[in-house]
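To start, the structure under review is shown below, and the notes come after it.
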């Protein structure tokens, strides 16, 4: 079946604007994750969904970041009042089970805040 | 576990030689250890994983070993080829609190022809 998809693939925005990033997980995957990856850096955990609830929001950098998931499917990550330091690739991943199964990553959204 | 340490951060080997990357974890209850490969500009992809009921797993030139007593696991790549050049990430489950995988910091592997 189809893998994890994300949109847009690239987003350029001006400082102070809000952006929404979308993730479509693999059908049937109950766990969904958002990560941030700055250039040349590792995977920074942002938030994790089990179904539609978010048991772990500990990685969200500030209250400008929020995420939701509906229908145990699509998730959106919203960044309000973007700052230049938000520039990064935002990766989404999904898995059947949070700790015992492979996480499949989407292609990412490359965000550039000018 | 909640803390996963990965070493080295960079590794350069001659084509044909072996490469070894090591990770340590802190949660003794962790039971699943995947390795991901991320090529430049691409998404991370699983290359091999191991569960806590075995000590070693092989897939062609790639192997992973697990030492539960010492709480570390390693990725071994033999007969390295230029296409093995990438960043490699290990991960282990965080059992405490909400369940998720915790990733290591990554190892940039360069294969020199």
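Protein chains in written order, with the working numbering: chain H, 1 to 114; chain W, 115 to 227. Positions of the beta carbon are idealized from the N, C-alpha and C atoms, including for glycine.
Quiz item: On the three-state DSSP scale, how would you describe residue 120 (chain W)?
Solution: For the purposes of this step, residue 120 (chain W) is taken as residue 6 along the second chain, with counting starting at 1. In this structure, residue 120 (chain W) counts as strand in the three-state DSSP scheme.
Quiz item: So the beta strand (DSSP E) residue 159 (chain W) belongs to, where does it begin and stop?
Solution: For the purposes of this step, residue 159 (chain W) is identified with residue 45 of the second chain, where counting begins at 1. From DSSP, the beta strand (DSSP E) with residue 159 (chain W) extends over 159-165.
Quiz prompt | Entirely enclosed alpha helix (DSSP H) segments - the stretch 28-63 of chain H, minimum 4 residues | solution = None, since the stretch 28-63 of chain H contains no complete alpha helix (DSSP H) of that length.
Quiz item: Using a beta-carbon distance cut-off of less than 9 angstroms, what residues from the stretch 31-43 of chain H approach chain W?
Solution: 31, 33, 35, 37, 40, 41, 42, 43
Practice problem: Closer than 9 angstroms by beta-carbon distance: list the chain H residues that pair up with residue 187 (chain W), in chain order. | Solution: Counting from 1 along the second chain, the entry for residue 187 (chain W) is found at position 73. In chain order: nothing, as chain H lies at least about 15 angstroms away.
Quiz item: Quick one: what does DSSP say residue 20 (chain H) is sitting in, helix, strand or coil?
Solution: In the first chain, the residue the question calls residue 20 (chain H) occupies position 20. In the structure shown, residue 20 (chain H) sits in a strand (DSSP, three-state: E or B).
Practice problem: Answer with yes or no whether the minimum CB distance from residue 216 (chain W) to chain H is below 9 angstroms. | Solution: Against the second chain, residue 216 (chain W) aligns to sequence position 102. For residue 216 (chain W), a Cβ of chain H is located within less than 9 angstroms of the residue's own Cβ.
Self-check item: Segment limits, beta strand (DSSP E) that includes residue 175 (chain W)
Solution: Within the second chain, numbered from 1, the residue matching residue 175 (chain W) stands at position 61. Membership of residue 175 (chain W) in any beta strand (DSSP E) is not indicated, and neither H nor E is assigned to it by DSSP.
Self-check item: Separation of residue 171 (chain W) from residue 192 (chain W), as counted between CA atoms
Solution: The residue labelled residue 192 (chain W) in the question sits at position 78 within the second chain. The residue labelled residue 171 (chain W) in the question sits at position 57 within the second chain. Residue 192 (chain W) and residue 171 (chain W): Cα-Cα distance of roughly 14 angstroms.
Self-check item: Classification of residue 46 (chain H) by the beta-carbon crowding that lies within 10 angstroms, buried from 16 upward
Solution: The residue labelled residue 46 (chain H) in the question sits at position 46 within the first chain. So residue 46 (chain H) counts as buried.
Quiz item: At which residues does the beta strand (DSSP E) containing residue 216 (chain W) begin and terminate?
Solution: Within the second chain, numbered from 1, the residue matching residue 216 (chain W) stands at position 102. In the DSSP assignment, residue 216 (chain W) falls within the unbroken beta strand (DSSP E) covering 214-217.
Exercise. State the Cα-Cα distance for the pair residue 201 (chain W) and residue 166 (chain W), rounded to the nearest angstrom.
Key: Against the second chain, residue 201 (chain W) aligns to sequence position 87. Against the second chain, residue 166 (chain W) aligns to sequence position 52. Going by the C-alpha atoms only, they are around 24 angstroms apart.
Quiz item: From residue 220 (chain W) to residue 81 (chain H), what does the alpha carbon distance come to, in whole angstroms?
Solution: In the second chain, counting from the first residue as 1, residue 220 (chain W) sits at position 106. In the first chain, counting from the first residue as 1, residue 81 (chain H) sits at position 81. Computed Cα separation, rounded: 30 angstroms.
Practice problem: Using alpha carbons as the reference points, say which of H:71, H:77, H:84 lies closest to residue 60 (chain H). | Solution: Mapped onto the first chain, residue 60 (chain H) falls at position 60. Considering only alpha carbons, the answer is H:77.
Quiz prompt | Under 7 angstroms by beta carbon: chain H residues contacting residue 160 (chain W) | solution = The count along the second chain starts at 1 and reaches residue 160 (chain W) at position 46. Simply 102.
Exercise. Please state if the CB of residue 90 (chain H) and the CB of residue 21 (chain H) are separated by a distance shorter than 9 angstroms.
Key: Numbered from 1 along the first chain, position 21 holds the residue referred to as residue 21 (chain H). Numbered from 1 along the first chain, position 90 holds the residue referred to as residue 90 (chain H). The answer is yes: Cβ separation under 9 angstroms.
Practice problem: Determine the extent of the beta strand (DSSP E) in which residue 156 (chain W) is found, giving its start and end residues. | Solution: The residue given as residue 156 (chain W) occupies position 42 in the second chain. Premise fails: residue 156 (chain W) is in no beta strand (DSSP E) and is neither H nor E.
Quiz item: Touch check for the stretch 131-142 of chain W and the stretch 172-192 of chain W: three-plus C-beta pairs under 8 angstroms?
Solution: yes
Quiz item: For residue 6 (chain H) versus residue 23 (chain H), is the C-beta spacing smaller than 9 angstroms?
Solution: The sequence position of residue 6 (chain H) within the first chain is 6, counting from 1. The sequence position of residue 23 (chain H) within the first chain is 23, counting from 1. Yes, these two residues count as a Cβ contact at 9 angstroms.
Exercise. Show which residues of chain W have a CB atom less than 9 angstroms away from the CB atom of residue 91 (chain H).
Key: Translated into positions along the first chain, residue 91 (chain H) becomes position 91. Residues of chain W passing the Cβ test: 157, 158.
Self-check item: Which listed residue (H:18, H:25, H:17) has its alpha carbon closest to that of residue 3 (chain H)
Solution: Against the first chain, residue 3 (chain H) aligns to sequence position 3. It is H:25 whose Cα lies nearest to the Cα of residue 3 (chain H).
Practice problem: Measure how close the beta-carbons of residue 100 (chain W) and residue 120 (chain W) come, nearest whole angstrom, since I'm counting them as under 8 angstroms. | Solution: With chain W covering 115 to 227 only, the question about residue 100 (chain W) has no answer from this structure.
Quiz item: Is it the case that the Cβ atoms of residue 68 (chain H) and residue 75 (chain H) are separated by a distance below 9 angstroms?
Solution: Here residue 68 (chain H) refers to the residue found at position 68 of the first chain. Here residue 75 (chain H) refers to the residue found at position 75 of the first chain. Contact: yes.
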